[in-house]
Structure formats: C-alpha cells, structure tokens
C-alpha cells in the first residue's frame, strides 16, 4: 500500500495540551514540516514563550530553549550570535510578543538579527485567563474588558506586522491565517520563505499567523473560524508587508 500521508519527523509523539478548536497545533505542524523539508531539524534551536505555547519544547523535535515572558527574541539573539550556523526561531503569542516583549522584538528587528519569529495572533491573552491584549479588537469582550474594548480607554489594537515592516532591519514580514486549507498552504509557504531568508543570512524575518481561541472567545470551534474571517481578518488583512530586494 502506498504511503499518502505521514506524520512529520519535526514533531514528537506527545499529545498537545491545547483546547479543542485551537489552531496552535496546525501552526506547530507547519513549522515542523518546513524544518524537516529544508533538512534543518538537526541544527535548529527554537525558543518557547510564556503563554499557551509554553510547552512547545515538548512538541518540536529539535533543540528548544525556554525564555522568560516576552524575552524570546533576546534569547534567540544570544543563541544566534554564539551559534551563527544554527537556524534559530521563536514561537510567540500576541500577549508575549506584542505586549510584554514589545521592546525585545522591535529592537531585534531594528538591528536586523538573523532570526525568525513565528507570531501567533489570537487577539487575546489565552493561557492567563482571557485578558485583553494589545491586539484585542474594538468592542471585543475579554475578562478585563467585559463590556468590550473601548478606543477612548485602551486605544486601537496594534497592527504589529505593519509596524515592524517599517524598520530598516526587517527583511521579511508577512501575515497569514490557518482558518481553511487554502490559507494553511499559504501560511506554510510564508514560513518556508522566512526560514529561507535566515538561511541566506538576509536578516530578520517574521510570520504573523492569525489563530483562533474558542475557549476565551466564548465560541465553538466552527464559530471561532467564522469570526476570524469576518472580524479578525477585517482589521488584520493578510499579505506580505516586506520582502528581500530582488525577491525571496
């Protein structure tokens, strides 16, 4: 019998702890598949965040390092500078990257550090109880904005990829989603492009992935996929914000 589908060697056999309907598992698989396909697994070091993906070191089948909350880009910078021949990536949620770790990722991009960031944006703090994040939409209800986020009180949500793309040190910035098969394929291509930039020594790369959080959004998995398309993508449009000169 011909083999038509096989689990990637980039993931361990551990069962993940993510909630039903959460798309972290899909993103994990895409990263792992790309690293295996590019024959990088044996010389890759990932940096896990504090957040829903805090146990990522249990799932990726490569060397992993845990960072303090928000500090993954700083840790990745140190690893890459000491071991420049390694492929180094961080895997971070929006609370970890766009709030507590804003300074770390902004300055890593500004310096043009040759690392890759996988930025998972579900517009909420997931692990810590569903609080409002810098990416939470206007009107979106969370445990710390029970009547919905108000612009007059909390300002507008940050479009982080657009902001990072303005920095001269940033080389490849793209926003993708994993809400349907077509977009999963596009997300995979973007992740491969980001790692290719690093392999070529071209500098800082980041892929923002719009993701679901059915538990903290108070929705079913199906409803969360629909809300991602109707609301989250309306404010965070998909697309490439920055690519290397002359193409990827």
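Residue numbers (this note's numbering): 4 to 251. A virtual CB, placed ideally from N, CA and C, is assigned to each residue, including glycine. What you are looking at is a predicted structure, and each value in this text was computed from that prediction instead of being measured.
Touching by the beta-carbon criterion (3+ pairs, under 8 Å), the segment 199-214 and the segment 174-188: yes
Top-ranked residue by Cα proximity to residue 20, from 56, 135 and 67: Counted from its first residue, the chain shown places residue 20 at position 17. For the residues 56, 135 and 67, the minimum Cα distance to residue 20 belongs to 56.
Three-way DSSP call (helix, strand, coil) for residue 147 in this model: Stepping through the chain shown from its first residue, residue 147 is reached at position 144. It is coil, neither helix nor strand.
Alpha carbon of residue 103 to alpha carbon of residue 160, nearest angstrom: As a working note, residue 103 is residue 100 in the chain shown. As a working note, residue 160 is residue 157 in the chain shown. When rounded, the distance between both Cα atoms is 15 Å.
For residue 16: DSSP bridge partner residues: Numbered from 1 along the chain shown, position 13 holds the residue referred to as residue 16. In the DSSP output, where bridge partners are listed per residue, residue 16 has none listed.
Within 9 Å, strictly: CB atoms of residue 92 and residue 79: As a working mapping, residue 92 is identified with position 89 in the chain shown. As a working mapping, residue 79 is identified with position 76 in the chain shown. For residue 92 and residue 79, yes; Cβs fall inside 9 Å.
Sequence-distant residues of its chain with Cβ nearer than 6 Å to residue 61 (five each side left out): Mapped onto the chain shown, residue 61 falls at position 58. Cβ within range, chain order: 17.
Bridge partners - residue 175, DSSP secondary structure assignment: The residue you call residue 175 lines up with position 172 of the chain shown. For residue 175, which the question treats as bridged, DSSP gives the partners 208.
Sufficient close CB pairs (3 or more, under 8 Å) joining the segment 42-49 to the segment 70-89: yes
At least 3 beta-carbon pairs within less than 8 Å: the segment 114-122 vs the segment 134-147: no
Residue 249, DSSP secondary structure in three states: Position 246 of the chain shown, counted from the first residue, corresponds to residue 249. Here residue 249 scores only 49 on pLDDT, less than 50, and its place in the model is too uncertain to base an answer on.
Host alpha helix (DSSP H) of residue 166 (start-end): Looking up residue 166 in the chain shown gives position 163. Taken as a continuous stretch (DSSP letters only), the alpha helix (DSSP H) holding residue 166 covers 163-167.
Touch test, the segment 221-234 against the segment 153-170, Cβ-Cβ under 8 Å, three pairs minimum: no
Simplified DSSP assignment, three categories, for residue 82: In the chain shown, the residue the question calls residue 82 occupies position 79. Looking at residue 82 - three-state DSSP - the assignment turns out to be helix.
Sheet register partners of residue 67 (DSSP bridge): Within the chain shown, numbered from 1, the residue matching residue 67 stands at position 64. Residue 67 pairs with 49.
Stretch-stretch touch, CB-based, cutoff 8 Å, three pairs: the segment 197-207 with the segment 149-160: no
Complete runs of the alpha helix (DSSP H) confined to the segment 88-145 [at least 4 residues]: 105-114
Within 9 Å, strictly: CB atoms of residue 125 and residue 219: Taking the chain shown and counting its residues from 1, one reaches residue 125 at position 122. Taking the chain shown and counting its residues from 1, one reaches residue 219 at position 216. Contact flag set, yes.
Own chain, CB closer than 8 Å to residue 249, minus 5 neighbours either side, in chain order: Position 246 of the chain shown, counted from the start, is the residue given in the question as residue 249. Its pLDDT being 49, under 50, residue 249 is placed unreliably by the model, and the measurement read from it follows with that caveat. Excluding residues within five positions, none has a Cβ falling inside 8 Å.
Exposure of residue 10, with buried meaning 16 or more beta-carbon neighbours within 10 Å: By one-based count along the chain shown, residue 10 stands at place 7. Classification for residue 10: exposed.
Range covered by the alpha helix (DSSP H) that runs through residue 28: If you number the chain shown from 1, residue 28 lands on position 25. Its alpha helix (DSSP H) spans residues 27-40.
Beta-carbon proximity of residue 163 to residue 99, cut-off 9 Å: The residue you call residue 163 lines up with position 160 of the chain shown. The residue you call residue 99 lines up with position 96 of the chain shown. No, the pair does not count as a contact, with Cβ atoms beyond the cut-off.
Residue range of the unbroken alpha helix (DSSP H) whose run includes residue 228: Numbered from its first residue, the chain shown carries residue 228 at position 225. That run of the alpha helix (DSSP H) goes 224-230.
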